[in-house]
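One structure is given here, and the rest of the page talks about it.
Protein chains: 2
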Amino acid sequence: MADFAIMGFGTVGSGVAEVLRMNADSIEKKLGEPLKLKYILDVRDLSATPYAGVAVKDFSVLENDPDLDVVVEAIGGARVALDFTRRALMAGKHVVTSNKELVASHGRELLSLAREKNVNYLFEASVGGGIPVLRPLFQCLAGNRIEEVTGILNGTTNYILTRMVRGGIPFDEALKEAQARGYAEQNPAADVEGLDAGRKICILSDLAWGKEVLPERISTRGISGLDLQDVAIASQAGYQVKLLGRALRLPGGKQAAYVAPHLVPEACPLAGVDGVFNAIMIRGNAVGDVMFYGRGAGDLPTASAVMGDVMDALQHREKRRELGWSESAELTELDDLVMPWYLRGGRETPADCRVLSGGAALTGPMTAQEAKALAEKLGAAALLPVLQ
Amino acid sequence: MADFAIMGFGTVGSGVAEVLRMNADSIEKKLGEPLKLKYILDVRDLSATPYAGVAVKDFSVLENDPDLDVVVEAIGGARVALDFTRRALMAGKHVVTSNKELVASHGRELLSLAREKNVNYLFEASVGGGIPVLRPLFQCLAGNRIEEVTGILNGTTNYILTRMVRGGIPFDEALKEAQARGYAEQNPAADVEGLDAGRKICILSDLAWGKEVLPERISTRGISGLDLQDVAIASQAGYQVKLLGRALRLPGGKQAAYVAPHLVPEACPLAGVDGVFNAIMIRGNAVGDVMFYGRGAGDLPTASAVMGDVMDALQHREKRRELGWSESAELTELDDLVMPWYLRGGRETPADCRVLSGGAALTGPMTAQEAKALAEKLGAAALLPVLQ
Numbered sequence: 000m001a002d003f004a005i006m007g008f009g010t011v012g013s014g015v016a017e018v019l020r021m022n023a024d025s026i027e028k029k030l031g032e033p034l035k036l037k038y039i040l041d042v043r044d045l046s047a048t049p050y051a052g053v054a055v056k057d058f059s060v061l062e063n064d065p066d067l068d069v070v071v072e073a074i075g076g077a078r079v080a081l082d083f084t085r086r087a088l089m090a091g092k093h094v095v096t097s098n099k100e101l102v103a104s105h106g107r108e109l110l111s112l113a114r115e116k117n118v119n120y121l122f123e124a125s126v127g128g129g130i131p132v133l134r135p136l137f138q139c140l141a142g143n144r145i146e147e148v149t150g151i152l153n154g155t156t157n158y159i160l161t162r163m164v165r166g167g168i169p170f171d172e173a174l175k176e177a178q179a180r181g182y183a184e185q186n187p188a189a190d191v192e193g194l195d196a197g198r199k200i201c202i203l204s205d206l207a208w209g210k211e212v213l214p215e216r217i218s219t220r221g222i223s224g225l226d227l228q229d230v231a232i233a234s235q236a237g238y239q240v241k242l243l244g245r246a247l248r249l250p251g252g253k254q255a256a257y258v259a260p261h262l263v264p265e266a267c268p269l270a271g272v273d274g275v276f277n278a279i280m281i282r283g284n285a286v287g288d289v290m291f292y293g294r295g296a297g298d299l300p301t302a303s304a305v306m307g308d309v310m311d312a313l314q315h316r317e318k319r320r321e322l323g324w325s326e327s328a329e330l331t332e333l334d335d336l337v338m339p340w341y342l343r344g345g346r347e348t349p350a351d352c353r354v355l356s357g358g359a360a361l362t363g364p365m366t367a368q369e370a371k372a373l374a375e376k377l378g379a380a381a382l383l384p385v386l387q
Numbered sequence: 000m001a002d003f004a005i006m007g008f009g010t011v012g013s014g015v016a017e018v019l020r021m022n023a024d025s026i027e028k029k030l031g032e033p034l035k036l037k038y039i040l041d042v043r044d045l046s047a048t049p050y051a052g053v054a055v056k057d058f059s060v061l062e063n064d065p066d067l068d069v070v071v072e073a074i075g076g077a078r079v080a081l082d083f084t085r086r087a088l089m090a091g092k093h094v095v096t097s098n099k100e101l102v103a104s105h106g107r108e109l110l111s112l113a114r115e116k117n118v119n120y121l122f123e124a125s126v127g128g129g130i131p132v133l134r135p136l137f138q139c140l141a142g143n144r145i146e147e148v149t150g151i152l153n154g155t156t157n158y159i160l161t162r163m164v165r166g167g168i169p170f171d172e173a174l175k176e177a178q179a180r181g182y183a184e185q186n187p188a189a190d191v192e193g194l195d196a197g198r199k200i201c202i203l204s205d206l207a208w209g210k211e212v213l214p215e216r217i218s219t220r221g222i223s224g225l226d227l228q229d230v231a232i233a234s235q236a237g238y239q240v241k242l243l244g245r246a247l248r249l250p251g252g253k254q255a256a257y258v259a260p261h262l263v264p265e266a267c268p269l270a271g272v273d274g275v276f277n278a279i280m281i282r283g284n285a286v287g288d289v290m291f292y293g294r295g296a297g298d299l300p301t302a303s304a305v306m307g308d309v310m311d312a313l314q315h316r317e318k319r320r321e322l323g324w325s326e327s328a329e330l331t332e333l334d335d336l337v338m339p340w341y342l343r344g345g346r347e348t349p350a351d352c353r354v355l356s357g358g359a360a361l362t363g364p365m366t367a368q369e370a371k372a373l374a375e376k377l378g379a380a381a382l383l384p385v386l387q
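Structure follows, in structure tokens:
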């Protein structure tokens with residue numbers, strides 16, 4: 000018998016309980032022992048729910064139960080969640096989470112603590128919801144030197160962009176639609192300004208190269224300033240506008256990480272990823288490009304990843320998974336990155352460009368600094384990077 | 000220091016040696032110890048290669064070396080490879096392979112032997128080349144009940160189909176082109192008749208439900224009989240013809256597995272997978288649909304997966320990975336599967352069908368048996384299943 004607890008009974012927490020209810024038999028068969036939900040910790044009153052019998056309000060009950068093996072942290076944020084995660088690890092519990100904010104900002108400390116206490120701290124659900132991507136990255140692709148990770152990491156913004164491209168409706172209207180459908184929160188800033196995607200690309204970068212990249216160190220540009228006409232011109236020219244998180248290994252060993260809307264050529268599999276779906280492309284020096292695709296959010300998909308981690312932690316009880324990152328990464332200035340650029344509304348078409356409709360053009364590869372200077376010189380109204 | 004050996008120095012074997020040469024530093028860092036290529040076993044003379052110093056011709060050298068940890072089996076086939084794999088496992092070595100024929104036909108016995116000897120038998124490279132798919136299936140998605148696995152599992156046939164669709168050239172010509180480019184073998188039967196895809200869908204099915212499905216038990220239909228006009232009509236109607244391997248869990252707990260060319264609607268991500276790329280879609284009852292995409296063959300991509308398994312085996316030296324399948328699966332008759340069908344060339348258009356160009360039509364969902372009866376009654380020249 001393995002015992003676990005859920006902290007925070009919101010979307011993810013209740014999804015985890017539901018997945019156990021749905022699949023208890025197959026989970027027991029795979030684990031070789033029954034998995035028991037022993038506690039649900041939440042400030043709310045759960046006495047009217049089927050979980051009344053396991054509801055607790057005091058964290059120390061979990062902390063002091065020597066038979067409790069795994070704690071699922073589904074509280075969110077980086078305050079209470081940080082405190083309880085620290086204490087759970089200190090108490091020798093394995094901890095599993097979907098909390099990207101906590102992992103991106105405090106993962107280094109928490110993984111180091113987990114190593115000290117010889118327990119697992121696992122967080123597959125923090126990136127890409129239910130899509131298996133972190134474990135494939137650090138395990139299946141371990142024989143590669145990772146060159147690049149590029150992903151559509153936020154379903155809300157991808158839904159809005161898909162509506163702008165396919166429905167021809169402007170950003171504000173698409174956002175309202177996303178809110179009405181429950182895909183965007185009432186305060187959508189973390190999604191539409193690229194902060195959520197930024198946390199996820201940091202976690203991917205941490206794992207790809209074993210060096211810490213904190214969210215506050217990377218440039219994030221969201222989609223709120225995106226003009227519908229650029230989306231339409233790009234689409235006519237064979238590109239889809241996508242909000243991408245990118246992490247790159249550059250010649251000389253430096254790294255870069257950022258979030259920005261890009262023009263993605265239609266031949267790239269990322270271009271076809273629509274609606275609330277996420278996809279992450281990983282380039283390794285042996286495997287080439289591999290892509291992982293699926294639902295990046297939602298109660299059951301996210302709970303699927305959490306449950307996979309709970310089972311993995313239990314299968315690695317004696318010998319924890321080696322996982323972690325150490326010193327800070329040496330990041331290059333974004334201004335030095337070389338790629339082609341989309342420009343619109345300049346006074347004249349720059350030389351050596353592919354001319355598009357609506358006074359827009361695609362430049363050849365140049366640094367972000369050069370592209371900005373060119374856009375300024377021409378008085379361009381729009382400047383977007385192009386994925387190669 | 001961890002020691003490993005490569006048996007068979009062809010495409011995959013030499014790729015594994017090359018990946019170690021390229022990435023020795025990062026592999027050592029991740030493993031926490033250097034990885035040493037101690038032996039290469041091959042019948043050929045390697046004295047003129049950089050690997051002369053580690054070349055051996057006698058398997059018993061590997062078998063009797065108590066310091067050898069892992070053996071990579073890259074011999075292929077199911078004769079010598081079976082014998083050496085059995086003996087390596089018996090000698091307490093971990094074994095890693097890309098040999099789908101061996102895993103599909105003898106995996107049950109070999110995994111049972113590995114369990115007995117408390118060693119790992121891993122085969123991520125046997126399906127999808129470098130694409131991480133087996134480990135995500137049995138580990139990351141372990142919390143799900145798997146409902147379906149559907150994949151483009153053979154790059155050769157996908158290249159030929161892509162040339163037929165996009166280039167408008169007939170099968171024979173596309174095959175010759177694939178052979179000229181080295182994508183198809185001189186005897187292409189195993190690829191074009193669907194046997195290779197069949198072995199892979201058996202392995203996926205074995206892992207998804209833990210019950211053995213042997214290749215000889217499933218129906219495999221390849222692409223050699225495919226008419227260019229059906230590919231063209233389908234394309235015009237918004238479908239791509241793809242050779243799919245499918246494994247399904249049916250109501251009541253029975254299973255089905257088969258390989259056949261299908262019409263895939265363009266909205267399905269599998270439709271956009273072109274050329275030599277592979278993609279595998281997995282449906283779980285919690286996660287929904289997830290897809291894995293990348294190069295399904297080639298020396299370095301396949302070696303990437305092998306190397307990931309070698310490292311995983313070393314990280315699970317004391318406590319082997321629980322992996323295996325037991326009794327035979329209860330398979331349903333394919334004739335009972337219900338789906339829509341593509342028909343061409345009948346004497347009349349059947350009722351309740353979507354009429355396509357060229358005398359073709361799409362039926363509503365019906366069993367394969369009903370579709371065959373209908374095709375026969377109408378004297379149809381072509382009958383293909385449609386992915387829903």
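Protein sequence lines correspond, in order, to chains L and A. Quick note: the first sequence uses numbering that gives the first Met the number 0, first residue 0, plus one each step. Quick note: the second sequence uses numbering that gives the first Met the number 0, first residue 0, plus one each step. For glycine and all other residues, C-beta sits at the position ideal for the given N, C-alpha and C.
Under the three-state reduction of DSSP output, ILE130 of chain A falls in the coil class, being neither helix nor strand.
For ALA231 of chain L, the enclosing alpha helix (DSSP H) stretches over residues 227 to 235. When Cβ-Cβ separations below 8 Å define contact, ALA141 of chain A makes contact with chain L.
VAL309 of chain A places its beta carbon less than 8 Å from that of VAL95 of chain A.
Within chain A, not a single residue places a beta-carbon under 8 Å from that of SER327 of chain L; the smallest gap is close to 17 Å.
In the structure shown, VAL11 of chain A falls within a helical segment according to DSSP collapsed to helix, strand and coil.
Annotation: the region 304 to 369 of chain L contains the following complete segments of the beta strand (DSSP E) (minimum length 3 residues), in chain order: 325 to 327, 340 to 343, 359 to 361. Residue burial is scored here from C-beta neighbours: ASN153 of chain A has at least 16 other C-beta atoms within 10 angstroms and is therefore classed as buried. Within the same chain, Cβ atoms closer than 7 Å to the Cβ of ALA207 of chain L are found at LEU136, ILE145, VAL148, ALA246, the five residues on either side in sequence being excluded. Interface annotation, PRO135 of chain A: in contact with chain L, CB-CB separation under 8 Å. As the crow flies, the alpha-carbon of VAL11 of chain A is around 28 Å from that of GLU115 of chain A.
A buried status is given to ARG294 of chain L, since no fewer than 16 other beta-carbon atoms sit within 10 Å of its beta-carbon. Within the same chain, Cβ atoms closer than 6 Å to the Cβ of ASP273 of chain A are found at THR161, the five residues on either side in sequence being excluded. Cβ-Cβ distances below 7 Å link CYS201 of chain L to ALA103, VAL212, LEU213, PRO214, ILE217, ALA256 in the same chain, with the five nearest sequence neighbours on each side left out; the list follows chain order. In this structure, ALA278 of chain L sits near ILE151 of chain L, with a CB-CB distance shorter than 8 Å. Within the region 81 to 156 of chain A, the runs of alpha helix (DSSP H) that reach at least 4 residues and sit entirely inside it are, in chain order, 99 to 115.
Annotated as distal: MET6 of chain A and VAL69 of chain A, with beta-carbon spacing of 8 Å or more. Under the DSSP assignment, ARG282 of chain L falls in the beta strand (DSSP E) whose first and last residues are 276 to 283. Membership of GLU72 of chain L in the beta strand (DSSP E) is indicated by the continuous run 69 to 72.
Using a Cβ-Cβ cut-off of 8 Å, ALA285 of chain A counts as an interface residue toward chain L, since at least one Cβ of chain L sits closer than that to its own.
In the three-state scheme derived from DSSP, where H, G and I count as helix and E and B as strand, VAL164 of chain A is classed as helix.
Annotation for ASP2 of chain A: the continuous beta strand (DSSP E) segment containing it runs 1 to 6. Where GLN185 of chain A is concerned, there is no enclosing alpha helix (DSSP H), because DSSP gives it neither an H nor an E. GLY142 of chain A places its beta carbon less than 8 Å from that of MET306 of chain L. In the three-state reduction of the DSSP assignment, TYR50 of chain A falls in the coil class, being assigned neither a helical nor a strand state.
Annotated three-state conformation of VAL289 of chain A is strand, per DSSP.
Listed in chain order, the positions of the region 18 to 33 of chain A with a beta carbon within less than 9 Å of a beta carbon of chain L are VAL18, LEU19, MET21, ASN22, ASP24, SER25, ILE26, LYS28, LYS29, LEU30, GLY31. Here PRO65 of chain A is exposed. Its C-beta has fewer than 16 other C-beta atoms within 10 Å.
Against ARG144 of chain L, the close residues of chain A are MET21, ASN22, ASP24, SER25, in the order they occur along the chain (beta-carbon pairs closer than 9 Å). Interface with chain L (8 Å Cβ-Cβ cutoff): PRO300 of chain A is included.
A buried status is given to PRO384 of chain A, since no fewer than 16 other beta-carbon atoms sit within 10 Å of its beta-carbon.
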